[in-house]
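Enquirer: Residue 60 in numbering that gives the first Met the number 0 is what sits at position 61 of the sequence shown, and the numbering runs on without skipping anything.
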Amino acid sequence: MSNEIEIGRGKRGRRAYSFDDIAVVPSRRTRDPEEVSVGWQIDAYHFDLPVLSAPMDSVVSPDTAVALGRAGGLGVLDLEGLWTRYEDPTPLLAEIAALDPARATARMQEIYAAPIQPELITARLQQVRAAGVTVAGALSPQRTQELWRTVVDAGVDLFVIRGTTVSAEHVSGRAEPLNLKRFIYELDVPVIVGGASTYTAALHLMRTGAAGVLVGFGGGAAHTTRTSLGIHAPMATAVADVAAARRDYLDESGGRYVHVIADGGVGRSGDMVKAVACGADAVMLGAALARAAEAPGRGWHWGPEAHHPQLPRGERVEVGTAGTLDQILFGPGHTADGTLNLVGALRRAMATTGYSDLKEFQRVEVVVSPYQPQ
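1. In chain order, what are the residue ranges of uninterrupted alpha helix (DSSP H) at least 4 long that sit wholly in the segment 47-76?
2. DSSP beta-bridge partners for residue 193?
3. Kindly indicate which three-state DSSP category residue 16 falls into: helix, strand or coil?
4. I need the boundaries of the alpha helix (DSSP H) containing residue 343, first residue and last residue.
5. Let's test the definition: count the other Cβ atoms within 10 Å of the Cβ of residue 417 and tell me whether it reaches 16, buried, or not, exposed.
6. Hey, would you say residue 355 sits closer than 8 Å to residue 35, going by beta carbons?
7. Can you check whether the CB of residue 132 is closer than 8 Å to the CB of residue 205?
8. Let me see if you follow: with CB-CB separation under 8 Å, is residue 158 close to chain E or not?
9. Could you please give me the residues that DSSP links to residue 86 through a beta bridge?
10. Which residue from 200, 203, 209, 199 puts its Cα closest to that of residue 187?
11. Can you grab the Cα-Cα spacing for the pair residue 345 / residue 8, in whole Å?
12. Contact between the segment 315-335 and the segment 290-304 is defined here as three or more beta-carbon pairs at a separation below 8 Å; is this criterion met?
13. Assuming residue 238 and residue 279 make a contact with CB atoms under 8 Å, what is their CB distance in whole Å?
14. Using DSSP bridges, identify the partner residues of residue 45.
15. How far does the alpha helix (DSSP H) with residue 3 in it reach, from first residue to last?
16. Could you pull out every residue in the same chain whose Cβ sits closer than 6 Å to the Cβ of residue 245, ignoring the five residues on either side in sequence?
17. Taking Cβ to Cβ, would you say residue 183 is nearer than 8 Å to residue 153?
18. Comparing alpha-carbon positions, which option in 352, 277, 255, 301 lies nearest residue 100?
19. Does the distance from the C-beta atom of residue 56 to that of residue 87 stay below 8 Å?
20. CA-CA distance, residue 374 and residue 230?
21. According to DSSP, simplified to helix, strand and coil, what is residue 365?
22. What residue range is occupied by the uninterrupted beta strand (DSSP E) comprising residue 284?
23. Using the Cβ count rule (16 or more neighbours within 10 Å means buried), how would you classify residue 367?
24. Residue 333: buried (16+ other C-beta within 10 angstroms of its C-beta) or exposed?
25. Give every residue of the same chain whose Cβ lies closer than 6 Å to the Cβ of residue 139, excluding the five residues on either side of it in the sequence, and list them in chain order.
26. For the alpha helix (DSSP H) that contains residue 269, what are its first and last residues?
27. Check residue 316 in the structure and name its three-state DSSP category.
28. What is the DSSP secondary structure of residue 23, reduced to helix, strand or coil?
29. Using the three-state DSSP reduction, which class does residue 11 fall into: helix, strand or coil?
30. Going by DSSP, what residues sit across from residue 392 in a beta bridge?
31. Sort out for me which residues DSSP pairs residue 35 with in a bridge.
32. Would you list, in sequence order, the uninterrupted beta strand (DSSP E) runs of no fewer than 3 residues that lie entirely inside the segment 119-148?
33. Spatial neighbours of residue 314 within its chain, please: CB distance less than 8 Å, with the 5 preceding and 5 following residues excluded, ordered by chain position.
34. Buried or exposed for residue 45, going by 16 or more other Cβ atoms inside 10 Å?
35. Using a Cβ-Cβ cutoff of less than 8 Å, which residues in the same chain neighbour residue 171 once the five nearest sequence positions on both sides are dropped?
36. Mind checking who residue 322 pairs with in its DSSP beta bridge?
So, in structure tokens, the structure goes:
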């Protein structure tokens, strides 16, 4: 049965679903939540939590990357952010949090116009390494060719190439594009790359040798990609499509497993549950972690799209402070809105539906159950 809908006589569109449109269905078995494993491993690196921080200045500083690493997740530093442009960005982070909304975008463009300093990339990554946790840093595809050597020499464990959308076949008549397949082959560290939101795009990224693919396109809380470019990918469908690409690539490659990481639209614990149910191995959290008391954004959240010099496709949004990082990850929760105890909620959902680990839970039954939570 086709899920295409006729938009008009000359155009048809495929029906796609967000996390709000689906629900997980309990099975005949339940488990004790304490007996559920939420750990995962990518390449040689094992993590107790399937949580990566989105590389955004409102979410991650070197200190919060260390704190998340010690909690069992992975902190990913934005290597094009304020921490690599300024020796001490703390006053600027405070200024951004206090900006009048009418002035916010223009002032952020001014602040982020300062050049990236390679020596600060080295210093920030070495600060994380000195704490004894896994080190990860992110660059955009546009900056990767310029700065990758600095990043690798600084001792990064996992290299993240993250953009609004990243393809294995970028066409440009102005400059030689980044050859992902050659780049990843020559690199000595595992690479996570994205975003991708379709089966075909993800399959091509997997063929470049990436260890993981980020799934998402303009779906985060601080994105305005849908309103500014008219482009959006509902996350439940996107994750399921990319998980299908992972399955087919596993057969095509003779057993090479590429990890699927949901990146966008995972603002609350229920979204995290449904991301894994649709096939994600882990989630990359932005707004959810920006609500931590320790977050650099001080209750505000923004991504690199918000200060693009020519075409901003994001904005600074107020997410508030829900609790400490520990409370957001492990509780105890004192609200019922899915902002606290994300890991506990995932454990309970898996236990309630009878699954013992993340890969098993990817097989859970889901139904289309569209509604808007109040």
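Glycine is no exception: its CB is placed at the ideal position from the N, C-alpha and C atoms.
Expert: Let me spell this out:
1. 61-70
2. According to DSSP, which records beta bridges pairwise, residue 193 is partnered with 161, 213.
3. coil
4. It spans 341-351 - the alpha helix (DSSP H) in which residue 343 sits, taken as one unbroken run.
5. Residue 417 cannot be examined here, being either before or after the span of the chain that is shown, 0 to 373.
6. yes
7. no
8. The structure shown contains no chain E; it is built from a single protein chain.
9. Bridge pairing for residue 86: absent [DSSP].
10. 209
11. 44 Å
12. Contact annotation: the segment 315-335 touches the segment 290-304, with at least three C-beta pairs closer than 8 Å.
13. Yes, they are in contact, since the Cβ atoms of residue 238 and residue 279 sit about 5 Å apart, within 8 Å.
14. 40
15. It is not in any alpha helix (DSSP H) - residue 3 instead sits in the beta strand (DSSP E) that spans 3-7.
16. 257, 259
17. no
18. 301
19. Contact flag unset, no.
20. Outside the shown range of the chain, which is 0 to 373, sits residue 374, and nothing can be said about it.
21. strand
22. Start and end: 281-284.
23. exposed
24. exposed
25. 162
26. Under the DSSP assignment, residue 269 falls in the alpha helix (DSSP H) whose first and last residues are 268-276.
27. strand
28. Reduced to three states, the DSSP call for residue 23 is strand.
29. strand
30. Given a span of 0 to 373 for the chain in the structure shown, any question on residue 392 remains unanswerable.
31. Its beta-bridge partners do not exist; DSSP assigns none.
32. 135-138
33. 103, 104, 221, 223, 301, 305
34. exposed
35. Low confidence applies to residue 171: its pLDDT is 41, below 50, so where it sits in the model is not reliable, and the reading given next is rough at best. Around residue 171: no qualifying Cβ.
36. 291
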